[in-house]
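Be aware that the sequence shown starts at 16, since it is given in the working numbering, and climbs by one per residue.
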Amino acid sequence: MKILLNKKQLIKLIEKEKNIGFIPTMGAIHKGHISLFKKSNIQCKKTLVSIFINKYQFNKKKDYKTYPRINKKDVSLIKKSNVDYLFLPTNKQIYPSGPNKKIKINPFSKKLCGKYRPGHFESVVDVIDRFIKIIYPKKIYLGEKDFQQLKILEDHIKKKYKKISVVRCKTIREKNGLALSSRNSLLSKKEETNASKVYNFININKYKIIKKKIDIKFIRRKIIQFGISKIDYIEVVNINKITKPFKKKKKFKIFIAYYIGDVRLIDNI
Ligand code: AMP
């Protein structure tokens with residue numbers, strides 16, 4: 016595996032590669048990330064992973080500062096996954112003259128997390144666009160764990176980069192149901208168990224919630240009892256109606272964002 020810190024060196028190294036699978040990450044690598052690397056290894060000639068903690072997409076300084084950083088272990092896990100290139104750029108390499116504040120993205124960015132994290136998705140699209148312009152991958156692998164992010168990026172990439180395809184990857188979960196996330200490492204064992212209870216409770220009641228046989232308010236009250244400090248939202252969304260062209264068939268998912276202590280977790284079920 017080649018590790019690159021420099022944008023120009025990376026561009027030179029991959030200029031002849033026509034079939035790169037790209038997986039952008041913010042590090043603290045776990046099995047969820049690794050499932051994306053594996054998919055790319057199967058589908059593409061070369062796999063390129065980046066680790067870049069994009070400070071502009073954080074709404075709170077503390078969240079950025081406490082975001083897990085476990086570099087050495089990350090490198091070894093990525094190497095073991097047979098990744099060809101690992102790109103670890105600095106902030107200056109990605110933003111030589113600061114972020115793009117005028118970026119226009121899909122209006123779905125104003126819903127769900129967008130309501131609670133103003134400017135977050137604009138910054139995500141900005142940074143991924145910058146990586147695409149460096150790498151020009153054939154495929155980009157994104158996890159359904161961050162479903163809203165996936166839809167917004169998919170929409171942006173479809174419109175702007177017709178030759179690049181977005182590969183959707185299923186959410187990988189712990190045995191107890193909790194979706195793997197870098198932020199889970201900030202939870203105590205007890206908090207992790209509580210987070211898994213949130214998933215299991217929603218999952219068991221999914222169809223009743225969707226068919227409105229159980230009131231969302233009741234679900235909120237129940238979830239709070241699992242030691243959750245705050246719920247930003249819990250919403251049922253017809254995912255076939257969020258980005259154009261709309262599909263006629265209805266397909267519902269339940270989206271949730273909540274806090275355990277200071278740690279914000281999201282899921283979709
Ligand atoms: P992150 O490092 O959290 O920015 O995630 C990098 C990529 O991995 C994103 O496309 C995420 O959606 C994806 N990802 C994160 N957690 C999981 C998971 N549990 N299962 C599948 N994909 C995931």
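A virtual CB, placed ideally from N, CA and C, is assigned to each residue, including glycine.
Residues near VAL278 in its chain [Cβ-Cβ closer than 8 Å; skip 5 each side]:
Within the same chain, VAL278 has close Cβ partners ARG198, LEU201, LEU202, GLU206.
Less than 8 Å separating the Cβ of SER50 from some heavy atom of the ligand AMP?
Yes, the beta carbon of SER50 sits closer than 8 Å to at least one heavy atom of the ligand AMP.
Looking only at its chain, what residues have a beta carbon closer than 7 Å to the beta carbon of ILE187, apart from the 5 residues adjacent to it on each side?
Excluding its 5 nearest sequence neighbours in each direction, ILE187 has C-beta neighbours in its own chain below 7 Å: LYS46, GLY47, SER50, LEU195, listed in chain order.
Grouping DSSP H, G and I as helix and E and B as strand, with all else coil, what is LYS245?
In the structure shown, LYS245 sits in a strand (DSSP, three-state: E or B).
For a quick check, are the C-beta atoms of SER55 and TYR176 less than 9 Å apart?
Against a cut-off of 9 Å, the Cβ pair of TYR176 and SER55 comes out as no contact.
Tell me whether ALA194, by its Cβ, gets closer than 8 Å to a heavy atom of the ligand AMP.
At least one heavy atom of the ligand AMP is nearer than 8 Å to the Cβ of ALA194, so yes.
Quick one: is GLU30 buried, meaning 16 or more other Cβ sit within 10 Å of its Cβ, or exposed?
That one is exposed.
Would you say SER197 touches the ligand AMP, meaning its beta carbon is less than 8 Å from a heavy atom?
Remark: the C-beta of SER197 is in contact range of the ligand AMP, defined as less than 8 Å to any heavy atom.
Specify the secondary structure class of GLY158 as computed by DSSP and reduced to three states.
The answer is strand: DSSP assigns GLY158 an E or B state.
Check ASN283 in the structure and name its three-state DSSP category.
In this structure, ASN283 counts as strand in the three-state DSSP scheme.
The ligand AMP heavy atom lying under 8 Å from the CB of PRO152:
Result no, Cβ not under 8 Å from the ligand AMP.
State the Cα-Cα distance for the pair LYS178 and TYR110, rounded to the nearest angstrom.
In a straight line, the C-alpha of LYS178 is about 25 Å away from that of TYR110.
Taking 8 Å as the cut-off, is the CB of GLU159 close to at least one heavy atom of the ligand AMP?
Taking the Cβ of GLU159 as the reference point, at least one heavy atom of the ligand AMP falls within a distance shorter than 8 Å.
Taking the beta carbon of ARG132 as the centre, do at least 16 other beta carbons fall within 10 Å, making it buried, or is it exposed?
The Cβ neighbour count for ARG132, taken over all protein chains shown within 10 Å, is at least 16; the residue is labelled buried.
So if DSSP puts VAL182 in a beta bridge, which residue, or which two residues, is it bridged to?
Looking at the DSSP output, VAL182 bridges to TYR156.
DSSP-derived helix/strand/coil call for SER65
Note: SER65 maps to strand in three-state DSSP.
Please state whether DSSP places TYR273 in a helix, a strand or coil.
Here TYR273 sits in strand by DSSP.
Evaluate GLN72 with the Cβ neighbour count: other Cβ atoms within 10 Å of its Cβ, from every protein chain shown; 16 or more gives buried, anything less gives exposed.
With 16 or more Cβ atoms within 10 Å of its Cβ, GLN72 is classed as buried.
Beta carbon of ILE257 nearer than 9 Å to that of LYS119
No, they are not a contact pair.
Please identify the residue among VAL90, ILE254, ILE57 whose C-alpha is closest to the C-alpha of LYS154.
Out of VAL90, ILE254, ILE57, the CA that lies nearest to the CA of LYS154 is found in ILE57.
When you compare only the Cα positions, how much space is there between ASP78 and LYS70?
ASP78 and LYS70 have their C-alpha atoms spaced approximately 10 Å apart.
Is GLN58 near the ligand AMP, going by C-beta to nearest heavy atom under 8 Å?
Relative to the ligand AMP, the beta carbon of GLN58 is positioned no closer than 8 Å to any heavy atom.
Test: LYS237 CB closer than 9 Å to a CB of chain C:
Of the protein chains in the structure, only one exists, and it is not chain C.
Three CB pairs or more closer than 8 Å across the segment 237-249 and the segment 259-278
Contact holds: three or more Cβ-Cβ distances are below 8 Å.
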